[in-house]
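S.K.: From first to last, the protein sequence lines stand for chains A and B.
Under my numbering, the first residue of the first sequence carries the number 1, and numbering increases by one thereafter.
Under my numbering, the first residue of the second sequence carries the number 1, and numbering increases by one thereafter.
Even for Gly, the Cβ is constructed at its ideal location relative to N, Cα and C.
2 protein chains.
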Amino acid sequence: MKHVVIIGGGFGGLWATRALARANLKITLVDRTNHHLFQPLLYQVATAGLSPADIAAPLRHILRRQKNVTVRLDEVTSIDKSQRQVIMRDGTLRYDYLIVAAGAAHAYFGHDHWAKHAPGLKTLDDALGMRATMLRAFEAAEREPDVDVAKSWLRFAVVGAGPTGVELAGTLAEIARHTLRREFRNIDPTRAEVLLIEAGPRVLAGMDPGLSASALKQLRKLGVSVRLNAPVQAIDAESITLPGETLPCRTVWWAAGVAASPLGKVLCENTDRAGRVPVERDLSLPGHPEIFVIGDLATLAHHGVSVPGVAPAAKQMGNHAAAMIRRRLAGNVATPFRYRDYGSFATIGRMAAVADLAGIKLRGVVAWWLWLAAHVIFLIGFRNRLVVLVNWASSYFTYQRHARIVSR
Amino acid sequence: MKHVVIIGGGFGGLWATRALARANLKITLVDRTNHHLFQPLLYQVATAGLSPADIAAPLRHILRRQKNVTVRLDEVTSIDKSQRQVIMRDGTLRYDYLIVAAGAAHAYFGHDHWAKHAPGLKTLDDALGMRATMLRAFEAAEREPDVDVAKSWLRFAVVGAGPTGVELAGTLAEIARHTLRREFRNIDPTRAEVLLIEAGPRVLAGMDPGLSASALKQLRKLGVSVRLNAPVQAIDAESITLPGETLPCRTVWWAAGVAASPLGKVLCENTDRAGRVPVERDLSLPGHPEIFVIGDLATLAHHGVSVPGVAPAAKQMGNHAAAMIRRRLAGNVATPFRYRDYGSFATIGRMAAVADLAGIKLRGVVAWWLWLAAHVIFLIGFRNRLVVLVNWASSYFTYQRHARIVSR
């Protein structure tokens, strides 16, 4: 029986695995964590609204009934294309077909030393780290006798005004203005300053300019200070420097750049600037019809096809790679991947969002309710959906965020 | 206005703080974490049934309406009794009255090198560490080619058959036999071996012998191998040694001993074997009527009074210390602390528990339902109660445990 190895249990890898459920194949899904992560809600973990278990489910559990799959917790370190082997920390796997869906991490555009002071958001560990620094900043301000230092603890900067940056900044503003109000004795959390810093001329540059303008208005209404055309010049432990000013600031979050997994470089030499692998129209690696590269790790830009780095695109690519393997087993030829764009959302805060659904543009309350419904429906597993709803309903009415936990 | 400093936001410290809500005092509550922890359910976090936020609530949030309290996130390193000062990592506080409720950690009875291989359960970090080692053990067994090594990954040992040890062993057996069944391809999790190792002659030695016998029977029915009269001789990364046998075993959890906080030694020289401070009948430190020591850090044994290290005792002591401060402010004399024992529970697993409620002895299903009701009622905060109920109801019907998350 042919052996398919799938690297990565995100949207691309998991959807590919499921799409091969009825194929007469042996499948091994390798991930370095034990869970599938619902990444669109990761910012809620970073901002203490949800717990890790609310947006993650064990891959083994999701796939327990799919008997042709073995799930393996391990980290892929290399791929030997000539021997058709995947090399992991704790062993190797021989494959007949390989699907690489290893995703992406943050990029600092040559400023890797900023990483320490301005963490990005890709994993549950990243989110828990952000949550701890945010909560500790308010605690440090509360016990700080020096007023200027306290003020620098109460300034939060989010770099990059894409969907993640907008979500983080909007939620931070809400936490400072509502959640923590009245809980401190020496500081007034409502006077915290949340900066959203963007190098380009508008927020949500990937969306329609009208929606960008609406998002900007909604952000300002929530109390976020938006700085446009402001490329970051420097970041250290105590300040952030923009063109013409250095602001004392102790908490900086990075939402400005994405770099594909280092496995991209293992697969081919001509990765693009973001480390993505240029693939054939059927998503296979040029010269290797047995290897498919999907999700954030792949690019079709050289074919003039633009596929955004979002969950629906990864799922569609996972389905397509699986279909190509089934076709090949049946002796049929490959077909090109076509991205179907059903629209996009960006949430900003309580009752604040924008949406572009196949040309229908929505903003504010309506967009927000649609965003909420879509995300609850897509969360994997009944339990998660119900608990997330309970958490959200309770947050909505009380402005509380239940996961405000800092350990030592 | 007099200043009361309270060290520790556990049951003792939090109840003392609340009992001083209407007193004309300034109160500072210092804790090294930002939350109150519902410790009786900590084993549920260690065994992936609940998330940290389900059993913890920010102290600031709990006390937001009590205007005479300042909550401070800091770690107390020393106490200067002559200057009446508490010394912390980030500052000092002068007090007129001091309540020390710093709790306890685990003790290895002179075998501190076991700590690395056999972690204990006191904090959320401990619980998350245990959860990760448990989940990783099954993953390691799944990918291990050597059958004997795989077997050692599937042997779990819990040392100490007090309430925590019994809860951990019972839940581990349930996870292996039900939760993980059918999710692995190379191993059969139901063949995992859970050992409960006790140096003394019976489990739950603090309870009635009839209940101990019932608990033993219920543990065996759940599939736990109980070893009585088996003091541990040695623990290393790959094995545990009991009298007469060395068992290959990769996961050992410690529930055998408790040592009071090192602040005990700072307060007095004659702490007992467990590091607890012998206090006066009114819970004050001998020679220092302005200092009270409560909870797991205090002992009244030298007065012939036995107070168990449980949450209700800590709450009662917190209330008493607060009452003593109020009496002193009003010019009244101190009164002795009296422990009211309303009974005790020990849960073992699904539908398995024992209870001794003021002499009425219950076992099995009835004890379990009472345990469940009592713990849900006592959980702080409406949201937690509801989410915990949803989680439990869903676990109950599906045997699933939602917090099965391992990060890298």
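Between B:T70 and the rest of its own chain, which residues show a CB-CB distance below 6 Å, the 5 nearest in sequence each way excluded?
M.R.: As a first step, residue 70 of chain B is located in the second sequence; it is residue number 70 there, counting from the start. These residues qualify, in order along the chain: T28.
S.K.: Residue range of the beta strand (DSSP E) that B:E167 falls in?
M.R.: Indexing the second sequence from 1 puts residue 167 of chain B at position 167. Unbroken run through B:E167 is the alpha helix (DSSP H), 163 to 174; no beta strand (DSSP E).
S.K.: Can you give the beta carbon distance from B:L283 to B:V100, rounded, assuming they're within the 8 Å contact cut?
M.R.: Within the second sequence, residue 283 of chain B is the residue found at index 283, counting from 1. Within the second sequence, residue 100 of chain B is the residue found at index 100, counting from 1. No, B:L283 and B:V100 are not in contact; Cβ-Cβ is about 10 Å, not under 8 Å.
S.K.: Check whether the Cβ atoms of A:Y97 and A:V4 sit closer than 8 Å, and answer yes or no.
M.R.: As a working note, residue 97 of chain A is residue 97 in the first sequence. As a working note, residue 4 of chain A is residue 4 in the first sequence. Result yes, Cβ atoms of A:Y97 and A:V4 sit closer than 8 Å.
S.K.: Curious, which full-length beta strand (DSSP E) runs of at least 3 residues does the region 230 to 262 of chain B contain?
M.R.: Listed in chain order, the complete beta strand (DSSP E) runs (minimum 3 residues) inside the region 230 to 262 of chain B are 239 to 242, 245 to 248, 251 to 254, 258 to 260.
S.K.: Using the beta-carbon of each residue, which ones in chain A are nearer than 9 Å to B:G91?
M.R.: One-based indexing of the second sequence puts residue 91 of chain B at position 91. Correct list: R143, P145.
S.K.: Under 8 Å by Cβ, that's how I've got A:T47 and A:A137 pegged, so tell me the actual separation to the nearest angstrom.
M.R.: Here residue 47 of chain A corresponds to residue number 47 of the first sequence, with the count starting at 1. Here residue 137 of chain A corresponds to residue number 137 of the first sequence, with the count starting at 1. No, A:T47 and A:A137 are not in contact; Cβ-Cβ is about 13 Å, not under 8 Å.
S.K.: Is it buried or exposed, A:I240, if we count other Cβ atoms within 10 angstroms and call 16 or more buried?
M.R.: Residue mapping note: residue 240 of chain A aligns to position 240 of the first sequence, counting from 1. The residue is buried, with at least 16 neighbouring Cβ atoms inside 10 Å.
S.K.: Looking at C-alpha atoms only, which residue of A:R18, A:L20, A:V30 is the closest neighbour of B:R143?
M.R.: Within the second sequence, numbered from 1, the residue matching residue 143 of chain B stands at position 143. Comparing Cα positions, the closest option is A:V30.
S.K.: Give me whichever residues DSSP pairs with B:D31 in a beta bridge.
M.R.: Looking up residue 31 of chain B in the second sequence gives position 31. Answer is B:L73.
S.K.: Span of the alpha helix (DSSP H) holding A:P201?
M.R.: Position 201 of the first sequence, counting from 1, holds the residue named residue 201 of chain A. Here A:P201 belongs to no alpha helix (DSSP H), and DSSP marks it neither H nor E.
S.K.: Does the distance from the C-beta atom of A:L219 to that of A:V158 stay below 8 Å?
M.R.: As a first step, residue 219 of chain A must be located in the first sequence, where it is residue number 219. As a first step, residue 158 of chain A must be located in the first sequence, where it is residue number 158. Not closer than 8 Å, so no.
S.K.: Going along chain A in order, which residues have a C-beta closer than 7 Å to the C-beta of B:N24?
M.R.: The residue you call residue 24 of chain B lines up with position 24 of the second sequence. None at all; the shortest Cβ gap to chain A is about 17 Å.
S.K.: Drop a sphere of 10 angstroms on the beta-carbon of A:Q83, count the other beta-carbons inside from all chains shown, and report buried for 16 or more, exposed for fewer.
M.R.: Translated into positions along the first sequence, residue 83 of chain A becomes position 83. So A:Q83 counts as exposed.
S.K.: Just to make sure I have the definition right: I need the residues of chain A whose C-beta is within less than 8 Å of the C-beta of B:H61. Which are they?
M.R.: For this step, residue 61 of chain B is matched to residue 61 along the second sequence. Correct list: E183, Q400, R404.
S.K.: When you compare each of B:V390, B:A358, B:I360 to B:L372 by their alpha carbons, which one comes out closest?
M.R.: Locating residue 372 of chain B in the second sequence gives position 372, counting from the first residue. Ranking the options by Cα distance to B:L372, first place goes to B:V390.
S.K.: Throw me the rounded Cβ distance for the B:E238 and B:S306 pair, which I believe falls under 8 Å.
M.R.: One-based indexing of the second sequence puts residue 238 of chain B at position 238. One-based indexing of the second sequence puts residue 306 of chain B at position 306. The pair is not a contact, with the Cβ atoms about 40 Å apart (cut-off 8 Å).
S.K.: What residues in its chain sit with their C-beta under 6 Å from that of B:F337, if we drop five residues either side in the sequence?
M.R.: Taking the first residue of the second sequence as position 1, residue 337 of chain B is located at position 337. Same-chain partners within the cutoff: L283, H320.
S.K.: Give me the Cα-Cα distance between B:D188 and A:R60, rounded to the nearest whole angstrom.
M.R.: To locate residue 188 of chain B, count along the second sequence from 1; it is residue 188. To locate residue 60 of chain A, count along the first sequence from 1; it is residue 60. Cα-Cα distance, rounded: 14 Å.
S.K.: Is the CB-CB distance between B:V376 and B:D54 below 8 Å?
M.R.: As a position in the second sequence, residue 376 of chain B is number 376, starting the count at 1. As a position in the second sequence, residue 54 of chain B is number 54, starting the count at 1. No, these two residues do not count as a Cβ contact at 8 Å.
S.K.: Does B:R94 get closer than 8 Å to chain A when you measure Cβ to Cβ?
M.R.: By one-based count along the second sequence, residue 94 of chain B stands at place 94. It does not; no Cβ of chain A falls within 8 Å.
S.K.: Using 8 Å as the threshold, is the C-beta distance between B:G257 and B:G12 below it?
M.R.: For the purposes of this step, residue 257 of chain B is taken as residue 257 along the second sequence, with counting starting at 1. For the purposes of this step, residue 12 of chain B is taken as residue 12 along the second sequence, with counting starting at 1. Their beta carbons are not under 8 Å apart, which means B:G257 does not touch B:G12 by this criterion.
S.K.: Could you tell me which chain B residues have their CB closer than 7 Å to the CB of A:P58, listed as they occur along the chain?
M.R.: On the first sequence, position 58 is the one that residue 58 of chain A refers to. Near A:P58 (Cβ distances below 7 Å), the residues of chain B are R404.
S.K.: Kindly identify the DSSP beta-bridge partner or partners of B:L285.
M.R.: Taking the first residue of the second sequence as 1, we reach residue 285 of chain B at position 285. Answer is B:H288, bridged to B:L285.
S.K.: Alpha carbon to alpha carbon, how far is A:A323 from A:L20? Give it in angstroms, no decimals.
M.R.: Numbered from its first residue, the first sequence carries residue 20 of chain A at position 20. Numbered from its first residue, the first sequence carries residue 323 of chain A at position 323. A:L20 and A:A323: Cα-Cα distance of roughly 8 Å.
S.K.: Which bits of chain A does B:L41 rub up against, with CB to CB less than 7 Å?
M.R.: Reading the second sequence from its first residue, position 41 is the one you call residue 41 of chain B. Neighbours of B:L41 on chain A: none; closest Cβ ~14 Å, over 7 Å.
S.K.: Specify, as a first and last residue, the run of the beta strand (DSSP E) that B:K409 falls within.
M.R.: Lying outside 1 to 408, the shown extent of chain B, residue 409 of chain B is not represented and no answer is given.
S.K.: What in chain B is Cβ-close to A:D148, meaning under 9 Å?
M.R.: By one-based count along the first sequence, residue 148 of chain A stands at place 148. Within chain B, no residue comes near A:D148; the closest Cβ sits about 17 Å away, beyond 9 Å.
S.K.: Does any CB atom of chain B fall closer than 8 Å to the CB of A:H178?
M.R.: By 1-based counting over the first sequence, the position of residue 178 of chain A is 178. Not closer than 8 Å to any Cβ of chain B, the Cβ of A:H178 fails to qualify, so no.
S.K.: Excluding five sequence neighbours on each side, which residues of the same chain lie with their C-beta closer than 6 Å to the C-beta of B:K122?
M.R.: As a first step, residue 122 of chain B must be located in the second sequence, where it is residue number 122. Taken in chain order, the residues that qualify are A105.
S.K.: Would a C-beta distance cut-off of 8 Å place B:G206 and B:K361 closer than the cut-off?
M.R.: If you number the second sequence from 1, residue 206 of chain B lands on position 206. If you number the second sequence from 1, residue 361 of chain B lands on position 361. No, the pair does not count as a contact, with Cβ atoms beyond the cut-off.
S.K.: Would you call the CB atoms of B:P413 and B:W253 closer than 8 Å?
M.R.: Outside the shown range of chain B, which is 1 to 408, sits residue 413 of chain B, and nothing can be said about it.
S.K.: So which residues of chain B does A:R64 contact, with C-beta pairs closer than 8 Å?
M.R.: Position 64 of the first sequence, counted from the first residue, corresponds to residue 64 of chain A. Neighbours of A:R64 on chain B, chain order: R182, E183.
S.K.: Touching or not, the region 260 to 275 of chain B and the region 294 to 308 of chain B, by the rule of three or more beta carbon pairs under 8 Å?
M.R.: Touching, yes.
S.K.: What residues of chain B sit near A:R72, judged by a beta carbon separation below 9 Å?
M.R.: Against the first sequence, residue 72 of chain A aligns to sequence position 72. In chain order: E139, E142, R143.
S.K.: Hey, does B:H106 have any beta-carbon neighbour from chain A nearer than 8 Å?
M.R.: Looking up residue 106 of chain B in the second sequence gives position 106. B:H106 does not count as touching chain A.
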